[in-house]
Structures are given as C-alpha cells and as structure tokens.
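To keep things clear, I will list the structure first and then write my remarks on it.
There are 2 protein chains.
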Amino acid sequence: MSLKYAVLAALLEGEASGYELSKVFDVSLANFWPATPQQLYRELERLAQDGLIEARVVQQERRPNKRLFTLTDAGRGELTAFAAEPTRRPTALRDELLIKIQAMDGTDPEVTRALVEERMSWARGKLARYERVRDRLLDGRTEEEYLREADRIGPYLTLMGGIAFESENVRWCERVLAILGRRVPLS
Amino acid sequence: MSLKYAVLAALLEGEASGYELSKVFDVSLANFWPATPQQLYRELERLAQDGLIEARVVQQERRPNKRLFTLTDAGRGELTAFAAEPTRRPTALRDELLIKIQAMDGTDPEVTRALVEERMSWARGKLARYERVRDRLLDGRTEEEYLREADRIGPYLTLMGGIAFESENVRWCERVLAILGRRVPLS
DNA sequence: CACACCTACTCAACAAATTGAGTATCCCAT
DNA sequence: ATGGGATACTCAATTTGTTGAGTAGGTGTG
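Line order of the protein sequences matches chains Y and S. So the first sequence is residues 46 to 232, counted in the working numbering. So the second sequence is residues 46 to 232, counted in the working numbering.
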C-alpha cells in the first residue's frame, strides 16, 4: 500500500521513467522503501490507470523508447493527504544478518567476523554515496543556509536519516568486531 | 525464507508455543524480523512437518491447550549452517514516516511535527523496553563481565543493535523537530 | 570481433505478508 | 452482569514482494 506513495513522492522530483525510478529506488529511496524494478513497473501501471500519474512516450533514436511519468493534480492531492495521515506501523527493520548474530553461538567465530566485516564495508559504501548526494543537495552552502533557502527540505531530512542510520550501523559493526576480537584473539 | 531461521533462532531460548513466540516477535525479535501471529503459526506448522522442530501438546486446566515447540537436532543444524552462510541482502528499512517526510513540503508543518513527535515517543518506549531486557540479561553484572562469562552472546549483540538503532531514531526525531521549529516558530 | 554490460522494459510463476473474521474459555473490573 | 482483554489458536482471501526468463538494440573493452 505504501509503495504507491513512495512512487508518488519520488515523482515530486519531476518526470521520470520506470527505469530511472528503479535507479532512484536503489540509491536514495532504497534507504526507507526498497522496491525491485518489477514492483515499480507494476505500480506505475496501476497509478496511471487510477489517474494519479500521467505517461507520455518519448521516442528515442538509439535506444528503446521510454515512458515518462508525471504527477497529476489528483496524485499530488493523494500524496499530501497521505503525508498528513497518522502513521500506522512504525519502522520495520528486516535484517538477515541479525538473525545470524542471534544464532551465532555455536558457529565458528571467524565466520561471524567475516559476515560483520562484509556488512561494515557495505555500510561504509552506502554512507559514502549518501554523503555525495548530500554534497550535491547542499551545493556549496552550509546546512543552515540550505535549510533556510530551500523550498523542499523533506528530501534532506530523509537523507539525514539515512546517514544517521548507516553510521550507526558502522559503529555497531565496529563494536561487535571489538567484542568478537576480545573473545577470539587473532591467532 | 528467513522467517524460518528467525523462528529457529527464537527457539534457541527454549521451548515455546506459537502464542509465546508471537509475543517474543513483538518485543525482542521485532527489531530485526517482524512477523504477525498468523505468519508464525504457519511457519511453525511447516517447520514441524520438515522435522526441524518438535511439538508436544500441553493440556491446560483453565485455558485452551497449547502446543510447545522445541528445536530438533536437524533444526539446530540447519540454523547453524544458515548462520555461516554469506548474507544475501543487507539491511532493509521500511518506514512509512520517511515517505511522509519526503513528501512533507506542501503539507501543514504542524501536522508533520505531530507525526515526528509520535514517532519519537514510540521510539523512546521501545528503547525503555530494550533497556529492561538488557538489565535482565546483565543481571547485575557489567557488560565486560557478561561478555566474558555468558555462553551465548548473540542475543546481547542484537539487543545492542536494537538499542543503537532506536536511540539514533530518537536523535533523528529531535533534530527534525529542531529544524521544523526553526522554520515554523511556535506561534 | 566477441563479450559483457547498459538502456528499457514485459511476462509469468511463485512465495511471503497482511487483513479480517471466527472459535472458545477465563479473568477482572465496573 | 456485562464488557473488555488475555490465552491460544485456525481459516480464507487478498495484496505484496521475489525470482527468473525473455526481447532487443547500443556502447564500451580488450
């Protein structure tokens, strides 16, 4: 149900094709509403049928044609209505690694170390990507200036959330590695 | 696919009924693998059929009978094998509130404030519950002592993750509220 | 000049998650 | 004495999410 609004929110940034959205959902929105390309195409179809978005086909020369989608007034309306509704479920984190950590006693600690290290470097990479998005948003201004001047601060606040989340993730990994290291000194 | 292992991991704590598990999945495991009671009952059925857990029916006097499930050796084996496998997808955070924040420009800032405040007090509540679980685990010992003595540290490390996650959540809410407050001074 | 990867999707099948109702007993407070 | 909540589930329908294959031209790399 919420993917619908995630897509509408993504289209606030302007016209986009399904393919472009699938990229966006991989970098910025991926932080709080992951979706596969297939889900997006299906959702776009539905939204277009419901008149919340409009499609126009763009003929292209040396690549397949694409359909660009734009928010309609109706879509914009539904989105702002949604944004004012009370939130039903709060954060839901689904993390396979944490299941493995929960069940780690009884497995080789070195294997667990490796899993945590992999996660840590992944989180660092994501953090770096977020920081780049941040720099592009700020565009030389300080955060203060940006928040005063910008007409849309929503995307900045969610990005801030993503950055906070991933750096906490990295810190957690570091702590876990420290603890594992104390338990099983490197031989 | 992972719910299976989440359930097996939960049963490491000992025998439990579906009903009891649905409580556990609401407090501790909810942090990294949410599941509804219906999902759990179905999963338990499947796991019992596959011989990974065993059920025994306990007759009760003044309440409905219950089925208590225990890990079998096969179940324990599958779980430890899983715990050593590389993790496919990393963290996926799904947060409806962040969609609303992303789309907040164009809605009444006071409404957004209220949404964030609600989330903050919810996160504080969750944090308090985690802290209580932590105190019960530590049982008077310091973290150092616990980590040296305890034979299972997995649950402590995941709990640490939950605490880190929720306190970061609270901090994010505070920052957002501060920014909203500057933009829209309370009249 | 072969091979992999990028754009830009569609189709189909399946697995997992959500929602809502239904059953039946007991305890506690108003 | 009546209503609400807790225990302890089951059944069914629907919506979401995932996986894998297929199409088809274009670009870049060794």
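Heads up, the beta-carbon is just placed ideally off N, CA and C, and yes, glycines get one too. Keep in mind the model is a prediction, meaning the values are calculated, not measured.
Suppose contacts are defined by Cβ-Cβ distances below 9 Å. Is residue i in contact with residue j by that definition?
{"i": "residue 208(S)", "j": "residue 179(S)", "result": "yes"}
{"i": "residue 168(Y)", "j": "residue 211(Y)", "result": "yes"}
{"i": "residue 111(Y)", "j": "residue 63(Y)", "result": "yes"}
{"i": "residue 219(Y)", "j": "residue 165(Y)", "result": "yes"}
{"i": "residue 26(S)", "j": "residue 222(S)", "result": "Since the displayed chain S opens at 46 and closes at 232, residue 26(S) lies outside it and no answer follows."}
{"i": "residue 47(S)", "j": "residue 190(Y)", "result": "no"}
{"i": "residue 137(Y)", "j": "residue 79(S)", "result": "yes"}
{"i": "residue 89(Y)", "j": "residue 148(S)", "result": "no"}
{"i": "residue 143(Y)", "j": "residue 206(S)", "result": "yes"}
{"i": "residue 139(Y)", "j": "residue 139(S)", "result": "yes"}
{"i": "residue 125(Y)", "j": "residue 163(S)", "result": "no"}
Using the three-state DSSP reduction, which class does residue i fall into: helix, strand or coil?
{"i": "residue 203(S)", "result": "helix"}
{"i": "residue 150(S)", "result": "strand"}
{"i": "residue 73(Y)", "result": "coil"}
{"i": "residue 51(Y)", "result": "helix"}
{"i": "residue 100(S)", "result": "strand"}
{"i": "residue 223(Y)", "result": "helix"}
{"i": "residue 195(Y)", "result": "coil"}
{"i": "residue 61(Y)", "result": "strand"}
{"i": "residue 78(Y)", "result": "coil"}
{"i": "residue 105(Y)", "result": "coil"}
To the nearest angstrom, how far is the alpha carbon of residue i from that of residue j?
{"i": "residue 114(S)", "j": "residue 53(S)", "result": "10 Å"}
{"i": "residue 97(Y)", "j": "residue 202(Y)", "result": "25 Å"}
{"i": "residue 153(S)", "j": "residue 217(S)", "result": "20 Å"}
{"i": "residue 213(Y)", "j": "residue 213(S)", "result": "7 Å"}
{"i": "residue 130(S)", "j": "residue 227(Y)", "result": "23 Å"}
{"i": "residue 182(S)", "j": "residue 195(Y)", "result": "47 Å"}
{"i": "residue 50(S)", "j": "residue 76(S)", "result": "15 Å"}
{"i": "residue 87(S)", "j": "residue 193(Y)", "result": "52 Å"}
{"i": "residue 91(S)", "j": "residue 186(Y)", "result": "56 Å"}
{"i": "residue 188(S)", "j": "residue 127(Y)", "result": "44 Å"}
{"i": "residue 134(S)", "j": "residue 117(Y)", "result": "34 Å"}
{"i": "residue 204(Y)", "j": "residue 176(Y)", "result": "9 Å"}
{"i": "residue 200(Y)", "j": "residue 200(S)", "result": "35 Å"}
Quick one: residues in its chain with C-beta nearer than 8 Å to the C-beta of residue i, no 5 flanking neighbours on either side, listed in chain order?
{"i": "residue 72(S)", "result": "174 and 178"}
{"i": "residue 55(S)", "result": "61, 66, 69, 70 and 74"}
{"i": "residue 225(Y)", "result": "154, 157, 158 and 161"}
{"i": "residue 215(S)", "result": "165, 168, 169 and 172"}
For residue i, I'd like the list of residues in its chain whose CB is within less than 7 Å of its CB, leaving aside the five on either flank, ordered along the chain.
{"i": "residue 9(S)", "result": "Nothing about residue 9(S) can be read from this structure; chain S reaches only from 46 to 232."}
{"i": "residue 184(S)", "result": "none"}
{"i": "residue 145(Y)", "result": "160"}
{"i": "residue 104(S)", "result": "110"}
To which residues of the same chain is residue i closer than 6 Å at the C-beta, ignoring the five residues directly before and after it?
{"i": "residue 119(Y)", "result": "96 and 97"}
{"i": "residue 100(Y)", "result": "93, 112 and 114"}
{"i": "residue 82(Y)", "result": "67"}
{"i": "residue 85(S)", "result": "63, 66 and 67"}
Residue ranges of each beta strand (DSSP E) within the region 107 to 187 of chain S, 3 or longer: Runs found: 111 to 116 and 137 to 139.
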